[in-house]
Structures are given as C-alpha cells and as structure tokens.
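A short write-up of the structure that comes next.
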Amino acid sequence: QTFTTRELQLVRAGAMVDPWSIALCAVYMVAAGPSPIVVPFTLYAVFGDHQGHWKAAMDFFPGWQMTVLFIPLMSFIVYWANGLFLLLLDTIWRPRVLQEYKIQKDQQFDIEKIGKVARNIIFNQAFVIVPFAAAVTWLQKTHGIGPYVDESLPSHKEMVLHTIGFVLVDEFLFYYGHRLLHHKKIYGRCHKLHHEFTSPIGLVATYCHPFEMLVSNVIPLFGGCVPLCSHAYSVLGWVIFAVLGTQTHHCGFHWPWMFFDHQPSFHDFHHQKFTCNYGNLSWLDALHGTDKMYKDHLASKAAKAAKAA
C-alpha cells in the first residue's frame, strides 16, 4: 500500500501526539511555569521535528564537546535571555498593569548592582558549570556512568520518565544542600551572598558563592542524569526548562498563570525570612516542618482578607 505525502505527514503527526508527548509537555510547563513564552516554546520543543537540529549540533560539537560545551552553552543562552527580559520588566519597562502581581510591591532591583551580579554569574558558569560537565563527561567515558550522546533521539516515554527522575533527585539534593548552606558555620561565609537580595529577580537566581553554585545548583540539577545514564537530549530539555523554572521562582512576580502553584511566592518568602521554605516542591518542607512560618503567613493573610471583606 502506498501513501501520499499528506497521508504520511498525518501518520507522523498522530505518532507524535500520544500520551507520553502530552505528559512531557505537562512536566516541562510545570517545571518552568506555563507562561505565554513557555507554552509555545514547550509545544515547539516536544512536537517539533528536531532530529536534523540534533544531528547538526552533534556535527558542530562532536564527541565530548556536546556535554561539556553545547549543553552548558544552551543553558547560558536561556539564562541570560530570560533573565535580562525579567530585569527589563522589573527596572526599565515596568508596566503598571504588572504591579498587582509583584509579590513585594515596594521593592525594586538596584540597577547599580548589575555589574557585580553579571561578573558573579559569568564566573560561576565558566568555572563551576563547565568543569562539572567535564567531570561528568569523563565519568561516562571512563566508567560508562552518566549521560550519553547518540544521534537517534530518545522516545518521549523515556524523556518523561527520566525528567521526573531529574525533578525528584533535584528536590532531594536541593533541599538538604540548601539547608546545609543555612548552617550557622556556613551561611556567613557562603550563602549570605545569595541572600543579599531579599526581593530577588530572575537574573540573580544563580548569584551566589561558587561553593553554593556547586552544592545547591549544579549537583542537584545534574544529579539525576548520572545514575540514570540519560540521553544527552533528555538532559538538554531538562536543563533548559529547569533554568526557566529557577528564574520564575526568583522573578518576584506571582503571575496569573501560576495560580495553581505555590511558587514563586514560596521561594520569595524564603528570601524575606531566610529560615523556612528550603525546597522547590515543598514536600520536604512539609515533612520537616520548615514551611510552618509560611503557612502561618498565609493564614494571617487570609484572616486579614476575610476581615476586610
């Protein structure tokens, strides 16, 4: 039986739109927040035909360069593009209509600090992320443990299951690594730098001491892909949407499309009070009771609103 070109296109499209592709869209949008930018980007990332793009990337970044250079480079591009856009909204072009979504309405980023913020972020990207990626690549090459590079793309089922693994490992390592950084013997020497901004913006999500960058950001982010021995393409997708997610958590705005989520208000409250809300998903905070201050805050806020009504 022969098929026309149009019939073949419809068959391919039907194969792409399956429960696993829809699940992958959901995981990515929950991780990054379903913003007007993230939603179309997610649909393109999941349903677009990227086999040719991946092959071209492998040709341009052959062998070890894919995991040591290309994936970090893509994360840098996303970080700076989205971070500078959020900076624009908070400082230069701040439409009045957005003000109602600002969590700390009386706070604004000090633009005079942009130089030292940029230098810190660039240093961490160049001297923490890239060396760590090189170490993970060496581990894979010598012991077969860690993300691998292959020309064929992984299935959406594999990407969903591995990305969920990334999320769970990230939450575990981030929560306990973050609590460690708040230990009195470490906080002043390390994590205090990140808490310089009590009303953060997206660009300062990784403004921190290099040790914190390693322990609280890079290791949790890549912690899942090492034991899972994931496809580099799965890691690339996770890294891009995780970067968008951490900037959402630091953006200082609780957007209307985040109505279902405790973030970014949850993490913004951590920057205000310091000693609560250490995780991302809030599950471990609930387990250890480190979200009590936040729950009391929400209860008080609700009581005031009810009284005013």
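Reading the sequence shown from the start, the letters are residues 11 to 319 in the numbering used here.
Where a beta carbon is used, it is the ideal one built from N, C-alpha and C, also for glycine.
Measuring alpha carbon to alpha carbon, tell me which residue in the options is nearest residue i.
| i | options | result |
| --- | --- | --- |
| L94 | I131, V107 and L108 | I131 |
| K283 | F269, Q273 and Y304 | Y304 |
| V298 | V245, L224 and R189 | As written in the sequence, residue 298 is His, which differs from the Val given in the question. Checking every option, the nearest Cα to that of H298 belongs to R189. |
| M223 | I139, V179, G198 and F269 | I139 |
| F57 | H259, K317, C261 and G247 | G247 |
| V88 | L213, H264 and A309 | L213 |
Between the alpha carbons of residue i and residue j, how many angstroms are there, rounded?
| i | j | result |
| --- | --- | --- |
| S209 | M169 | 35 angstroms |
| N92 | L291 | 22 angstroms |
| F142 | K311 | 43 angstroms |
| H63 | S162 | 11 angstroms |
| Y36 | M84 | Sequence check: residue 36 is Ala here, not Tyr. Rounded to whole angstroms, A36 to M84 spans 22 angstroms at the Cα level. |
| V127 | F133 | 10 angstroms |
| C239 | A33 | 21 angstroms |
| F276 | H153 | 40 angstroms |
| V225 | H219 | 10 angstroms |
| D59 | T173 | 20 angstroms |
| K115 | Q109 | 7 angstroms |
| Q150 | A313 | 54 angstroms |
| H320 | R129 | In the structure displayed, the chain extends from 11 to 319; residue 320 sits before or after that span and is not available. |
Could you pull the DSSP bridge partners for residue i from this structure?
| i | result |
| --- | --- |
| Y158 | H241 |
| K126 | DSSP output for K126 lists no bridge partner at all. |
| K112 | F263 |
Residues in its own chain within less than 7 angstroms of residue i by CB, not counting five upstream and five downstream?
| i | result |
| --- | --- |
| A242 | M76, T77, I81, P157, Y158 and V159 |
| F176 | G234, C235 and W248 |
Under 6 angstroms Cβ to Cβ from residue i, same chain only, skipping five residues before and after it: list those, please.
| i | result |
| --- | --- |
| Y38 | T52 and F251 |
| H185 | Correcting the residue type first, residue 185 is Tyr in the shown sequence and not His. Y288, G289 and L294, listed in sequence order. |
| A42 | V48, F251, L254 and G255 |
| F279 | N287 and Y304 |
| H272 | S292 |
| T300 | C286 and Y288 |
| K167 | W30 |
Mapping DSSP to helix, strand and coil, what is residue i?
| i | result |
| --- | --- |
| T232 | Reading off the sequence, residue 232 comes out as Phe, not Thr. The answer is helix: DSSP assigns F232 an H, G or I state. |
| K283 | helix |
| F276 | helix |
| C200 | coil |
| N290 | coil |
| C218 | coil |
| F207 | coil |
| T173 | helix |
| F335 | Any answer about residue 335 is impossible in this case: the structure gives the chain only from 11 up to 319. |
| H193 | coil |
Starting from the C-beta of residue i, find all residues in its chain whose C-beta is less than 8 angstroms away, skip the five residues before and the five after it, and write them out in chain order.
| i | result |
| --- | --- |
| L183 | I229, P230 and G233 |
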